[in-house]
Structures are given as C-alpha cells and as structure tokens.
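*Asks:*
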Amino acid sequence: MEDKVISTPQNLQVLYEDNHLIIVNKRPGDIVQGDKTGDVPLSEVVKEYLKVKYNKPGNVYLGVVHRLDRPTSGIVVFARTSKALPRLNKLFKEKDAKKTYWAIVKNAPPKQQDRLVHFMKRNPKQNKSYAHLKEVADSKKAILDYHVLKQFNNYYLLEVDLHTGRHHQIRSQLSAIGCPIKGDLKYGFDRSNKDASIHLHARKLVLTHPVKKEKLEIIAPPPKDPLWDACV
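The working numbering puts the first residue of the sequence shown at 38, with every later residue one more than the last.
1. What does the Cβ neighbour count give for Thr-74, buried or exposed, with the cut at 16 atoms within 10 Å?
2. Exposed or buried, what is Asn-62 when buried is set at 16 or more other beta-carbons lying within 10 Å of its beta-carbon?
3. Assuming Phe-129 is part of the alpha helix (DSSP H), what are its boundary residues?
4. Going straight from the alpha carbon of Leu-264 to that of Ala-140, what length do you get?
5. Thinking C-alpha only, which one of Lys-90, Asp-182, His-57, Pro-108 is nearest Ile-43?
6. In terms of residues, what are the limits of the alpha helix (DSSP H) holding Ser-110?
7. For the candidate residues Ala-267, Leu-244, Lys-143, whose alpha-carbon lies nearest to that of Val-113?
8. With a threshold of 8 Å on Cβ separation, who are the neighbours of Ser-80 within its own chain once the five nearest residues in sequence on each side are excluded?
9. What are the start and end residues of the beta strand (DSSP E) that includes Leu-186?
10. Please state if the CB of Ala-179 and the CB of Thr-201 are separated by a distance shorter than 8 Å.
11. Take Gly-66 and list the residues in its own chain whose beta-carbon comes closer than 8 Å to its own, dropping the five residues that flank it on each side.
12. Using 8 Å as the cut-off, can you tell me whether the stretch 244 to 264 makes contact with the stretch 128 to 145, which would need three or more C-beta pairs spanning the two stretches below that distance?
13. With a 10 Å radius around its C-beta and 16 neighbouring C-beta atoms as the bar for buried, classify Phe-189 as buried or exposed.
14. Please name the residue in Asn-144, His-204, Lys-148, Tyr-192 whose C-alpha comes closest to that of Gln-163.
15. How would you label Asn-48, buried or exposed, when you count the other beta carbons within 10 angstroms and need 16 or more for buried?
16. By DSSP, does Ile-207 sit in helix, in strand, or in coil?
17. Does the Cβ-Cβ distance between Leu-199 and Val-185 come in under 8 Å?
18. Starting from Leu-264 and walking both ways along the alpha helix (DSSP H), at which residues does that stretch end?
19. Grouping DSSP H, G and I as helix and E and B as strand, with all else coil, what is Ser-229?
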C-alpha cells in the first residue's frame, strides 16, 4: 500500500476535459472543497492545473458540482464555465447522472444482489448517518442496488448503483446489512487502512454533456493497491 498520495497539478488524473467541464479521478485523501483542516482542496488543484496548462492570467473559473467523502476515491466532475455549472447541477439533482461505485467488504452480503431501502438520519456532531428500516423524524429515504462482482479469499467486491445521494449513504447502508467497507472504522470495519482511505471508489459515471448533449461514459481506475489491482 503506497503512503498517502494526494493530487497535485502535476499528477492530476484527468479522465475527461473540454471547454465546459473537467472530470478527474480523485485520490483517497483529497478533499473536494476547502474545509476546517485548511488542506488544499481538489478544486484548487484543478484550477492550478488549468491555469498552467492554458496559460491563463488571473482567476480560473471552476464550479464544484458534487463531492466525494475524503477517504473515498473516484470520479469528480467540475464545471469550467458558469453556463455549464447550473446545467450539471440540474443533471445531478434530477438523477440524470448515473453513478456506479465499487466497494470492497469483508463479510458476504445476505444476497448476491439486492435493493436496499433505508431512512437515513444524519448526526452532524458525529459527521455520521444512521440507516433505519422505518421512517424516523428528520430522516430521508435512501435507495441503492448492489450485486457481488467478485469474491476473494477474505473480501467481496460489490458494485453499487445509487438512486439517491444521501450523506455517507453507501457506507451506512452497507454497514447496516453487516458489510462495512474495508478501512471504514466509522461504520464498523475493525481496522483502518494505512493511508486512511476506505475501499469505496466512484467507478463509473454516465451523463449527458450539459452543452454538447452527447452521452458521456466515464470510468475511473481504482487506486493502486494489491486488493484493488485484483478487482480490475
């Protein structure tokens, strides 16, 4: 397992780029937007990359469309123009952007494939979401489909299709069926990964280009480590 590598303008993994948007493969450890840690967010790294590549003077416009949890890796979309941003926001809000994740878990899920429906209640103090089977006060419905893609000696690779976008949704829902994600101490895995990542990866995104109206299908290679390497 490599030590924590974070994205820089020099090593940025760009999956797609045009005048309207840029899609990158986030490393575990990158934060998408600035937070209280004061660490340089991925949004600033991408701005710097664009500034250097296109020799742009002054500020570079970049709109954050969606986020991924810090320990998670995979596809993140940014808007490069103020015209593209509201259109991309609308695509994500109306679920016209289809997201598929890979998750590595230790325990066998109850079924080879299933749809999970929970009611998620967020606890901001703990920065954690709890999955309830029945509706509780202030909860939001969360739906995902999973199926087992591969079985290893000690782990299972699940492919997860998200139908709602709740806080820590995949982490919490998989934990609720007894399948916490490898490295995810917060949701019940027994030990952390050395680089503080968790084995959750935003693998695939299918969306309609906000300006060109063409269908885009983006696939992100998972981080380099022996377990992820065995999945590809």
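Where a beta carbon is used, it is the ideal one built from N, C-alpha and C, also for glycine. Note that the structure is a prediction, hence the values are computed from the model and not measured.
*Replies:* If we stick to the structure as given:
1. exposed
2. buried
3. 121 to 130
4. 11 Å
5. Pro-108
6. Unbroken run through Ser-110 is the beta strand (DSSP E), 110 to 116; no alpha helix (DSSP H).
7. Leu-244
8. Val-69, Gln-70, Gly-71, Leu-99, Val-101, Phe-115
9. 177 to 188
10. yes
11. Lys-41, Val-42, Ile-43, Arg-107, Pro-108, Asp-232, Ala-233, Ser-234
12. yes
13. exposed
14. His-204
15. exposed
16. helix
17. no
18. 263 to 268
19. coil
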